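The structure appears right after this line, and notes come after that.
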Amino acid sequence: VHHTTTSPKMLVATRVIALGALAPTLSLRAAPAVRRASGVRAALATEDSKAYYAIGYNIGKQLADFKSCEPAELDDMLAGIKASLVGSEPEVSIAEYVPKAMKLLQTKAEAAAAAQAAKGLEFLADAAKEEGASQTPSGLVIKTLTEGTGDSPTAAETVQVHYEGKLIDGSVFDSSYARGEPISFPLSGVIAGWTEGLQLMKVGGKAKLTIPSDAAYGDRGSPPAIPPKATLVFEVELLDIVKN
């Protein structure tokens, strides 16, 4: 929920940037990533093969920029990665086709972001219609689940919360519940939707915050967990206002 960078607890693994992975000097870390969606795969008959598959799957989860590619396109990338790693000569001009690939990925990313934005606006409108929900001028929708009885924090204060964050498809991208402990942070250091929404709560309360992308991670998103232009849904318990 941090405003400028993703919480280190939320995204522990380092992101492998897609355009960097396309550069002529491909990183070894990027190599297994495409294997996840490829039709070419090992039988996973040994413990070693399963371990390498697990590495590939984990890296594949980080390569959000490639999610819009078709399986056949991923197979083409896999072929290029393998050729580079085994020392084969490229079958195409790298100088000519890497820029073309970058343009293809950019076009796919723009289309995916536009679709995400449209779905997010529709989801936000539906959330605002829920019984007990209200929408602020910023677009934030807040629905009280449990009334609090304590004070409301200011933007300058630090709060302790339990929370779960989801995309509009219901997939969980972050959860203090899953980690088994609440978290404390200054309201001035998180996304705008949190800064606004938590000030509308009272200690002891629980609410659902549906946050438009402009008040969350915006056009860039926070890969790999949060795509560009994503509307986000948080259930938040305001446990305490932390006094210095």
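Residue 13 in our numbering is what sits at position 13 of the sequence shown, and the numbering runs on without skipping anything.
Ideal Cβ positions, reconstructed from N, Cα and C, are used throughout, including at glycine.
Values in this document were obtained by computation on a predicted structure and should not be read as measured data.
Between the alpha carbons of residue i and residue j, how many angstroms are there, rounded?
i, j, result
"I183", "H162", "7 Å"
"Q106", "A112", "10 Å"
"V242", "T195", "15 Å"
"G120", "P212", "7 Å"
"L78", "E96", "19 Å"
"G80", "L104", "16 Å"
"L145", "E70", "41 Å"
"K208", "E157", "21 Å"
"G197", "Q135", "10 Å"
"A204", "S222", "The amino acid occupying residue 204 in the given sequence is Gly; Ala does not appear at that position. Taking the straight line joining both Cα atoms gives about 29 Å."
"L44", "A133", "49 Å"
"E73", "F66", "10 Å"
"P189", "D126", "The sequence shown places Gly at residue 189, rather than the Pro named in the question. If you take the alpha carbons of G189 and D126, they lie about 29 Å apart."
"V86", "D76", "16 Å"
"N58", "A128", "36 Å"
"E110", "K82", "28 Å"
"E245", "P137", "Limits of the chain in this structure are 1 at one end and 244 at the other, which puts residue 245 out of reach."
"E89", "A51", "29 Å"
"E91", "A178", "47 Å"
"I94", "D174", "38 Å"
In chain order, what residues of the same chain have a beta carbon less than 8 Å from the beta carbon of residue i, not counting five sequence neighbours either side?
i, result
"K202", "E147, G148, T149, G150, D151, S152 and L238"
"A216", "I191, A192, G193, I226, A230, T231 and L232"
"D219", "A113, S213, P228 and K229"
Taking C-alpha atoms, which residue in the options lies nearest to residue i?
i, options, result
"A117", "I168, Y177 and I142", "I168"
"T154", "G139, L209, L187 and L140", "L187"
"L140", "E89, T210, M102 and A114", "T210"
"G165", "E157, V159, S176 and T158", "S176"
"E181", "L198, A156, Q160 and A101", "Q160"
"D240", "F185, P90 and S222", "F185"
"G170", "P137, D126 and F234", "F234"
Take residue i and list the residues in its own chain whose beta-carbon comes closer than 6 Å to its own, dropping the five residues that flank it on each side.
i, result
"K108", "S68"
"S27", "The predicted model places S27 with a pLDDT of 32, which falls under 50 and marks its position as unreliable, so this point remains unresolved."
"L200", "I142"
"Y53", "L44"
Kindly give me the distance between the Cβ atoms of residue i and residue j, rounded to whole angstroms, as I take these residues to be in contact under 8 Å.
i, j, result
"E130", "K143", "6 Å"
"K206", "V236", "7 Å"
"P224", "Q62", "5 Å"
Grab me the residues of residue i's own chain with a C-beta within less than 7 Å of its C-beta, minus the 5 sequence neighbours each way, in chain order.
i, result
"L124", "G139, V141, T210, P212 and T231"
"N244", "none"
Could you pull the DSSP bridge partners for residue i from this structure?
i, result
"K166", "V172 and V233"
"T210", "V141 and V233"
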